[in-house]
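Those sequence lines, one after another, are chains A, B, C and D.
Taking the numbering used here, the leading residue of the first sequence gets 1056, the next gets one more, and so forth.
Taking the numbering used here, the leading residue of the second sequence gets 1056, the next gets one more, and so forth.
Taking the numbering used here, the leading residue of the third sequence gets 1056, the next gets one more, and so forth.
Taking the numbering used here, the leading residue of the fourth sequence gets 1056, the next gets one more, and so forth.
Some notes on the structure that comes next.
Number of protein chains: 4
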Amino acid sequence: MIGSEFKTNNINIAYIGGGSKGWAWTFMTDLAIEENLSGTVKLYDIDYEAAYRNEIIGNSFLKRKEIKGYWKYYAVKTIEEALKEADFVIISILPGTLDEMEGDVHLPEKYGIYQSVGDTTGPGGIMRALRTIPIYMEFAQKVYKYCPDAWIINYTNPMAVCVRTLYHIYPKIKAFGCCHEVFSTQVLLAEMLKVLKNIENVNREEIKVNILGINHFTWIDSASYKNIDLLPLYKDFADKFYEEGYETEENEHWINNMFKCANKVKFDLFKRYGVIAAAGDRHLAEFMPSWYLKSPEGVEKWKFNLTPVEWRRKNKSELEKKSLRILNGEEELVLKPSGEEGVKIIKALLGQEDFITNVNIPNRGQLEGIPMDSVVETNAVFSYNSVKPVVAGRPDSPLINIMTRHVLNQETLLEAVIKKDKEIAFRAFINDPFVDMDVDRARNLFDEMLANNKKYLDKLFC
Amino acid sequence: MIGSEFKTNNINIAYIGGGSKGWAWTFMTDLAIEENLSGTVKLYDIDYEAAYRNEIIGNSFLKRKEIKGYWKYYAVKTIEEALKEADFVIISILPGTLDEMEGDVHLPEKYGIYQSVGDTTGPGGIMRALRTIPIYMEFAQKVYKYCPDAWIINYTNPMAVCVRTLYHIYPKIKAFGCCHEVFSTQVLLAEMLKVLKNIENVNREEIKVNILGINHFTWIDSASYKNIDLLPLYKDFADKFYEEGYETEENEHWINNMFKCANKVKFDLFKRYGVIAAAGDRHLAEFMPSWYLKSPEGVEKWKFNLTPVEWRRKNKSELEKKSLRILNGEEELVLKPSGEEGVKIIKALLGQEDFITNVNIPNRGQLEGIPMDSVVETNAVFSYNSVKPVVAGRPDSPLINIMTRHVLNQETLLEAVIKKDKEIAFRAFINDPFVDMDVDRARNLFDEMLANNKKYLDKLFC
Amino acid sequence: MIGSEFKTNNINIAYIGGGSKGWAWTFMTDLAIEENLSGTVKLYDIDYEAAYRNEIIGNSFLKRKEIKGYWKYYAVKTIEEALKEADFVIISILPGTLDEMEGDVHLPEKYGIYQSVGDTTGPGGIMRALRTIPIYMEFAQKVYKYCPDAWIINYTNPMAVCVRTLYHIYPKIKAFGCCHEVFSTQVLLAEMLKVLKNIENVNREEIKVNILGINHFTWIDSASYKNIDLLPLYKDFADKFYEEGYETEENEHWINNMFKCANKVKFDLFKRYGVIAAAGDRHLAEFMPSWYLKSPEGVEKWKFNLTPVEWRRKNKSELEKKSLRILNGEEELVLKPSGEEGVKIIKALLGQEDFITNVNIPNRGQLEGIPMDSVVETNAVFSYNSVKPVVAGRPDSPLINIMTRHVLNQETLLEAVIKKDKEIAFRAFINDPFVDMDVDRARNLFDEMLANNKKYLDKLFC
Amino acid sequence: MIGSEFKTNNINIAYIGGGSKGWAWTFMTDLAIEENLSGTVKLYDIDYEAAYRNEIIGNSFLKRKEIKGYWKYYAVKTIEEALKEADFVIISILPGTLDEMEGDVHLPEKYGIYQSVGDTTGPGGIMRALRTIPIYMEFAQKVYKYCPDAWIINYTNPMAVCVRTLYHIYPKIKAFGCCHEVFSTQVLLAEMLKVLKNIENVNREEIKVNILGINHFTWIDSASYKNIDLLPLYKDFADKFYEEGYETEENEHWINNMFKCANKVKFDLFKRYGVIAAAGDRHLAEFMPSWYLKSPEGVEKWKFNLTPVEWRRKNKSELEKKSLRILNGEEELVLKPSGEEGVKIIKALLGQEDFITNVNIPNRGQLEGIPMDSVVETNAVFSYNSVKPVVAGRPDSPLINIMTRHVLNQETLLEAVIKKDKEIAFRAFINDPFVDMDVDRARNLFDEMLANNKKYLDKLFC
């Protein structure tokens, strides 16, 4: 691939959400250190104040001399203002508030259901999907109206449901979802080379992988570094660290401790399925029946964390304090690459440099055995104004089985929202692997969780 | 459809299995009272004595003047003798013995898993499938060699796995599976007409139904009697009898008390899915997570029976005594229609009268949303030398979800046997809804159950 | 199948079109001699006078004592009046007038293209489709508005395009298309039994056939009478009459001489493809390249007729005269079964008697190898409020090839109308097998034919 | 994508065919100038002398100091010797001799059929396919036996049929087909940038294209250079040069004059279908009905050449003379990049550098609307031991129509050879767009052409 890097100016980006800071700052930082792009970012958040603080922080970069990319930030008060004339739309919202999320994660605990994240599957993921779908239906309609040709990059979870909804409402939308979970598995494979082969300083981008799966339940059935086949190595690696686990150096610093794991779930899944699970253990565990999440003690044994919403509240408040410190000039955001690929992808879509990475996008044939049009995660080629998924092949039947279960549940949830039919939603609820209980208890939990979401779902399911 | 009934003589039927008597006698009786067919039945059973007793009983019919169909029975010592020149092959075997079945049903109980039948899904169904597949691989090879144009009618469970294996080995085989579970739902609907509408004497054949599903997990999404739509009626019916249940008169006499139920599971499933489940409650319960089978007490509450293998042993010994009484002339088999359709289907395949009924056959497009080639149950048109399934449509996503789970598990089991790979079998095992437990416990159960099958599986998974 | 015939009264039928008499009279006659139906027929035709004359004729039946079915006819002035409260809608229209049809059939002759019918394929079929699609889009919208639950029975050509359009606009429409072309092949097979086997008095309904194909290009890959396999017999039959052809007795009287053929095309196609073509030679010839239609002389050699529009004009004027004679009491319509199945189908849909026959309906899996949702012709089971196609299997690749060509052309024509894009229509035009010429000449012909349709297409392709 | 170029030594390549020199020399040259590869090439040709001359020429490179890649050549006497231990197998054979090819191309001319190449479609392509399939069946069996893990790179035509046959016989074969036809369209687009935009020195690799189609009938529905969308430009370009055509500078020198064209067919197809045809005009013309190939005069008007086999004979003899001159040291092969990508692909498969280019490979989902498993041409990602096609999307219906016609014909030809059934082959023959004639004439042509192939097909169709 011959590079064709060049400068593109006057790009219009709409950033929807981001008031929670983490993701927005990451993106703003990556923009600031990229020399071949410049333009305008319109920040829209339902919390205007939060957006406005981001505007100030973003614009403050212009005074720092280490920056290479010049961007002007504007907080706007309506989503329409943000979307109009946008070339790219970044969506990273929290669907609902931490109050709803608290119910998602913790209400099921009374019923013996422990969720390590609660944003993708399980009772929590289902409730979150029900809240999210109507919001994304509206996003799709607004994109159609205000910027039908823009590229939409989604970071919100539940990823698959978000992207599926956008395409359902506006089938020609140019949308896809980005998720960094695969990256940490590439990092793990790079470290494995050091541990087992004394090959040092391998970048995760040099680890070539074939990705197949659905978001947070992605798998690697072939992986290589140069001409080294990594699958046989991984077998040794998983055997060696099966008991104690293996913690990557990088992972620890990446975002936060809470998200750390010792990859024990990953090694266990390799033992069972013979292919490499490629997401954080916290996510992977939620797709299986109660193997890894039977109890808080069991989780500890598997060396990963449940993520209490209390922690999220604390984290949020710390970010807010940090935000104030930045606004007061007491602290500066460090300008170093985040490891996220959003900016690289934008460059590719602008024609600057072709790029292959994993992406969440409707199945057009790239994942055999999974229904067409459901949102799957595989590699894709990004180039000028184009995302083309790579045909990843067919997972083994047992994995198709687990994936199909979640894919069809997502379809059912979408149908429930479109038809405004609570009973259809309940059918998805009881099909979730975590809801393995007497059906009347399941009903109680469902109703309790709906009640916790009444601000978002009452009109829908009245 | 204009009838074209006529006499067909010199038909050659091979009956494989049947040593356990029940099914063989039923079939022999139906043949004896059908006036338009006659010929020869070769009886093959791995227990030659049992086949020989059936020969004597079958031939004794010739002395009774109420018979209309003249058939000569021969017990043969090899399956080859039975198959050579066969026009029809009936297969109704017990894969393994009651000893293996005892393990299928009762070993999981130590792990808190209660199975009402244990022959289709669950740990029991999985073990039974593993025993059955190699036997059916051999059947397919022998049919290909000795009677490639014969029609194969399967009555053995696990039905779908049996039929799937036959087609996998010999893709042009003319095989299908018959199951009477749907009939009792038609009987229930006929009685509903009496209860709710005072319409009496409706034959179950007059209840027209669209069947969609997989064996023992079949559903009816439209049903009518003359010009009466039965779905809205069924809603009232299910509401009315939701608590106490409803027991059909016929059901009781049909085969045996042990198989009776009060249709409470059926009513509950209707409430949840809005379509009519069309199999016995004992079977339906095994496809759901632990809703109806959490404990023996729970089962009692739902008013159906677990079928202990002890009962099967007793029943077997009673049939043996009965067999001796018949041979001694102390008792006679009653010659009345059994309610099974095997003979009617044979007549249709001989061109005597077209016939529509439900059948298990590979998916060629008749069941949307379920993988092609997996064995599904829908209506089919039987006519001269032809079985053509009727396009049944697409089940709702939540039901496709449950079906797919079992269909892919069946595929996985077939793959495990073909590749002789125990680990693949274990992947199916842990994907079964009943095996919702810590994976190490699951492994223990799996190994214990394999040990109980070592006569059948040791060579396979050595 | 146990019959459940009973009386249904107060049926509301809307008859759209029929001003050209032939089809309407046939249907009215069949209604008059059916004892188990009665009700009201609303007649709507863009020529109100014609509808009104049919009203008088229809109502005059009530005075004849041989009738068994009592129907009241009303000519109505708007289609809305006809559709409101309709249980069944019969559509048999001429899309455009004989002036447009004259262009369809005869303009291409200047370019060396001879079409025997010109209503399904070829330049004529394409122009007719372009005229028809907008009309059927409107029909679908009106059905959705005025009688969304009614059953729609289409007799108009081009059949597949009509039905496809209805489903495209209103996906839940209960519509299908009926065509009698297969029946004459059943008659041919019945006569074959007489000629080769001395079996007399076989009804065409006793000839069981598996139908696969698209309208007017349907094929039979298995056929039987009782237990006689008709395929080997047909081989002898085709050989015997290959040179001179064979004319059925019935065929001659059925509608008219002009439609007669000696089945030589049919025998020739059997020789080439090994399966039985099941439509009139006039239609079949139009699906092949110029084999049978190279020149008027060639057609004569193959012993079938080109159908000049001049003949249609004459026929129309004769029917009008006949209509006047009937109105004046100088002549009476003979009340004998027409051989059409519309009334039988209505009875089946009302739950009176199940019925299997061939039907044109979107592909839901019944025809393997042909795109889903395209309109195909196979057998279907008609029962209470239900049409379920029978899985017919997969035609051989060379026949799939020819079918796909026309199916995709129909899709392209629909797309051209929806997008109002003349160029897309031209792409279909040049993909037709008959338009094998220099592309500039093709363009001239296309433009000339469009000009002849300007009353219908000008607004569309302006 | 981060480059990971490194040296790979001791590669074993089997080169099957190549006795005709052109392709073999090209490949040997490219190897000689690539610094990161070295190893052994075993040359096998049914003409051992030709292979032996190539051995001498190949080894003579070792004496030239400008070479960077060190390869040892061995002519071998059996294909087994070549295949054993091969890492890569290059197949570039002439199926049959120029005598058979003479019949392919020129026998149909008596029937008014002019073929510009005669190796892919048309009567010539069909006969060539019939000769080729048995040869490739044997290749597949030998690869399975001697080097089951080798990568097979096919250059032989008919490309799709060759690759399809390999996969049919050995489904896990790692084979694909390379064709340079798309490259010249990239060159054309690069020159267009110069002509219309004064952008000079654009490499064809910088022209990013989405490829969809089947070999020699490939299409580009999006193309870009950096951030310039080339589709609108191409519209202007096609308009501007529609009448006189446009000849690329490079094209002329690339292989030979005979293959030159003025791209008039390409511009005409753009006008008709709105997307860019991406193969030489000589090939494209053969997929359409007689638009461009009505007569030799017509061809001249469209400014491309018919390729008489006489020319091929002359060319062959010139290459032989050149070969002798090289052997005698009178001439040297010029060592410059050929423009072919075989060596680049080998490097990618060895893990040296990822690479995206167009490739012929079975459809696993990359080309929507075309049957799975048929061989299609799209982009693919080549990386370590992996070729993953890129999902190219769905061509417009009219193009799917034309492609399907040829794809199904290829399937039919494969079936004819497997079943050794001449009649099935004839069904493909009469489905070819060029065989639009009276069926008896078609039969004569078919028989005449078979007679010309009797050395190859007599045993097959006896």
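Positions of the beta carbon are idealized from the N, C-alpha and C atoms, including for glycine.
Given the structure is predicted, the values throughout are model-derived calculations rather than measurements.
Item to check | Cβ-based neighbour list, Lys1475 of chain D, same chain, cut-off 6 Å, excluding 5 preceding and 5 following | outcome: Here the question's residue 1475 of chain D lines up with position 420 in the fourth sequence. Correct list, in chain order: Leu1515.
Checklist entry - According to DSSP, which residues form a beta bridge with Asn1370 of chain C? => result What you label residue 1370 of chain C is simply residue 315 of the third sequence in a count that begins at 1. Paired residues: none, contrary to the question.
Checklist entry - Can you list the residues of chain D that Val1446 of chain A reaches, using a CB-CB cut of under 8 Å? => result In the first sequence, residue 1446 of chain A corresponds to position 391, counting from 1. Under the 8 Å cutoff, chain D gives Arg1419, Gly1420, Gln1421, Lys1443, Pro1444, Val1445 and Val1446.
Checklist entry - Between Leu1286 of chain C and the rest of its own chain, which residues show a CB-CB distance below 7 Å, the 5 nearest in sequence each way excluded? => result Within the third sequence, numbered from 1, the residue matching residue 1286 of chain C stands at position 231. Same-chain partners within the cutoff: Ser1277 and Ala1278.
Checklist entry - If you run the structure through DSSP and keep just helix, strand and coil, what is Val1216 of chain B? => result One-based indexing of the second sequence puts residue 1216 of chain B at position 161. It is helical.
Item to check | Leu1422 of chain D (DSSP reduced to helix, strand or coil) | outcome: Counted from its first residue, the fourth sequence places residue 1422 of chain D at position 367. Strand at Leu1422 of chain D.
Item to check | Any chain B beta carbon closer than 7 Å to Tyr1511 of chain C | outcome: Position 456 of the third sequence, counting from 1, holds the residue named residue 1511 of chain C. Chain B, which has no Cβ nearer than 7 Å to the Cβ of Tyr1511 of chain C, makes this no.
Checklist entry - Nearest-angstrom Cα distance between Glu1408 of chain A and Met1247 of chain A? => result For this step, residue 1408 of chain A is matched to residue 353 along the first sequence. For this step, residue 1247 of chain A is matched to residue 192 along the first sequence. Distance between the alpha carbons of Glu1408 of chain A and Met1247 of chain A: 29 Å.
Checklist entry - Hey, would you say Tyr1099 of chain B sits closer than 7 Å to Ile1066 of chain B, going by beta carbons? => result Position 44 of the second sequence, counted from the start, is the residue given in the question as residue 1099 of chain B. Position 11 of the second sequence, counted from the start, is the residue given in the question as residue 1066 of chain B. No. Outside cutoff.
Item to check | Partners in chain B for Leu1405 of chain C, counting only beta-carbon separations shorter than 8 Å | outcome: Reading the third sequence from its first residue, position 350 is the one you call residue 1405 of chain C. Near Leu1405 of chain C (Cβ distances below 8 Å), the residues of chain B are Asn1282.
Checklist entry - Given that a residue counts as buried once 16 or more other Cβ atoms are within 10 Å of its Cβ, and exposed if not, what is Met1427 of chain B? => result Looking up residue 1427 of chain B in the second sequence gives position 372. It is exposed - the Cβ of Met1427 of chain B has fewer than 16 other Cβ atoms within 10 Å.
Checklist entry - Among the residues of its own chain, which have a CB less than 7 Å from the CB of Thr1524 of chain C, if the five just before and after it don't count? => result Nothing in the structure corresponds to residue 1524 of chain C, since chain C is present only between 1056 and 1517.
Checklist entry - Does the Cβ-Cβ distance between Lys1326 of chain C and Trp1357 of chain C come in under 7 Å? => result Position 271 of the third sequence holds residue 1326 of chain C. Position 302 of the third sequence holds residue 1357 of chain C. In this structure, Trp1357 of chain C does not lie closer than 7 Å to Lys1326 of chain C by Cβ.
Item to check | Secondary structure of Asn1067 of chain B, DSSP reduced to three states | outcome: Walking along the second sequence from the start, residue 1067 of chain B turns up at place 12. Strand.
Next on the checklist: Quick check: Val1446 of chain D and Pro1444 of chain A, are their CB atoms within less than 7 Å of each other?
Outcome noted: Here residue 1446 of chain D refers to the residue found at position 391 of the fourth sequence. Here residue 1444 of chain A refers to the residue found at position 389 of the first sequence. The answer is yes: Cβ separation under 7 Å.
Checklist entry - At a Cβ threshold of 7 Å, is Lys1062 of chain C touching chain B? => result One-based indexing of the third sequence puts residue 1062 of chain C at position 7. Chain B, which has no Cβ nearer than 7 Å to the Cβ of Lys1062 of chain C, makes this no.
Item to check | Rounded straight-line distance, which links the Cα of Leu1324 of chain C to that of Ala1245 of chain C | outcome: Working through the third sequence from its first residue, we reach residue 1245 of chain C at position 190. Working through the third sequence from its first residue, we reach residue 1324 of chain C at position 269. For Ala1245 of chain C and Leu1324 of chain C, the distance between alpha carbons rounds to 19 Å.
Next on the checklist: Given this structure, state the Cα-to-Cα distance separating Pro1344 of chain C from Asp1491 of chain D, to the nearest angstrom.
Outcome noted: Sequence index remark: in the third sequence, residue 1344 of chain C carries index 289 (1-based). Sequence index remark: in the fourth sequence, residue 1491 of chain D carries index 436 (1-based). Between Pro1344 of chain C and Asp1491 of chain D, the C-alpha separation is close to 6 Å.
Item to check | Completely contained beta strand (DSSP E) runs for the stretch 1258–1331 of chain A, where each covers 3 or more residues | outcome: 1262–1269 and 1272–1280
Checklist entry - Using the rule of at least 16 other Cβ atoms within 10 Å of the residue's Cβ for burial, across every protein chain shown, is Asn1212 of chain A buried or exposed? => result In the first sequence, residue 1212 of chain A corresponds to position 157, counting from 1. Classification of Asn1212 of chain A: buried, given that the 10 Å Cβ count is 16 or more.
Next on the checklist: Quick test of your reading: Gln1241 of chain B and Val1216 of chain B, contact by CB under 8 Å. State the CB separation rounded to the nearest angstrom.
Outcome noted: Within the second sequence, the letter at position 186 stands for residue 1241 of chain B. Within the second sequence, the letter at position 161 stands for residue 1216 of chain B. Actually they are not in contact, since the Cβ atoms of Gln1241 of chain B and Val1216 of chain B sit about 25 Å apart, beyond 8 Å.
Item to check | Limits of the unbroken alpha helix (DSSP H) element including Lys1402 of chain D | outcome: The sequence position of residue 1402 of chain D within the fourth sequence is 347, counting from 1. Per DSSP, Lys1402 of chain D belongs to the alpha helix (DSSP H) from Gly1397 to Leu1404.
Next on the checklist: Check for me: the alpha helix (DSSP H) holding Ser1239 of chain B runs from which residue to which?
Outcome noted: Stepping through the second sequence from its first residue, residue 1239 of chain B is reached at position 184. Its alpha helix (DSSP H) spans residues Glu1236 to Lys1252.
Checklist entry - What residues from the stretch 1235–1263 of chain B come within 8 Å of chain C, judged by C-beta to C-beta, listed N to C? => result Asn1258, Glu1260, Glu1261 and Lys1263
Checklist entry - Does Ile1455 of chain B get closer than 7 Å to chain A when you measure Cβ to Cβ? => result Indexing the second sequence from 1 puts residue 1455 of chain B at position 400. Chain A contact via Cβ: present.
Item to check | Enclosing alpha helix (DSSP H) for Glu1078 of chain A [first to last residue] | outcome: Residue 1078 of chain A sits at position 23 when you count from the first residue of the first sequence. Checking the sequence shown, residue 1078 of chain A turns out to be Trp, not Glu. Element bounds for Trp1078 of chain A: Gly1077 to Ala1087.
Checklist entry - Interface residues of chain B around Ala1483 of chain A at Cβ under 7 Å? => result For the purposes of this step, residue 1483 of chain A is taken as the residue at position 428 of the first sequence. Simply Pro1453.
Checklist entry - In angstroms, rounded to a whole number, what distance separates the CA positions of His1308 of chain A and Trp1366 of chain A? => result Translated into positions along the first sequence, residue 1308 of chain A becomes position 253. Translated into positions along the first sequence, residue 1366 of chain A becomes position 311. Any reading at His1308 of chain A needs caution, since the residue's pLDDT is 40, under 50, leaving its predicted position unreliable; the model's value is listed next. So the two alpha carbons sit approximately 17 Å from each other.
Item to check | Residues of its chain near Glu1478 of chain A, where Cβ-Cβ distance is below 6 Å and the 5 sequence neighbours each way are ignored | outcome: Translated into the one-based positions of the first sequence, residue 1478 of chain A becomes position 423. So no residue of the chain qualifies.
Checklist entry - Quick one, are the C-beta atoms of Leu1500 of chain A and Tyr1166 of chain A less than 7 Å apart? => result Here residue 1500 of chain A is taken as the residue at index 445 of the first sequence, counted from 1. Here residue 1166 of chain A is taken as the residue at index 111 of the first sequence, counted from 1. Contact: yes.
Next on the checklist: Looking at the secondary structure, which residues open and close the alpha helix (DSSP H) in which Glu1478 of chain C lies?
Outcome noted: Position 423 of the third sequence, counted from the start, is the residue given in the question as residue 1478 of chain C. Where Glu1478 of chain C is concerned, the enclosing alpha helix (DSSP H) stretches over Lys1477 to Asn1486.
Checklist entry - Using 7 Å as the limit for Cβ to Cβ distance, is Ile1310 of chain B near chain C? => result Numbered from its first residue, the second sequence carries residue 1310 of chain B at position 255. Residue placement at Ile1310 of chain B cannot be trusted, given a pLDDT of 45 that sits under 50; the coordinates are not used to answer.
Checklist entry - Which one of D:Lys1252, D:Pro1203, D:Lys1371 and D:Tyr1128 has the shortest CA to CA distance from Phe1055 of chain D? => result A question about residue 1055 of chain D goes unanswered here, because the residues of chain D that appear run from 1056 up to 1517.
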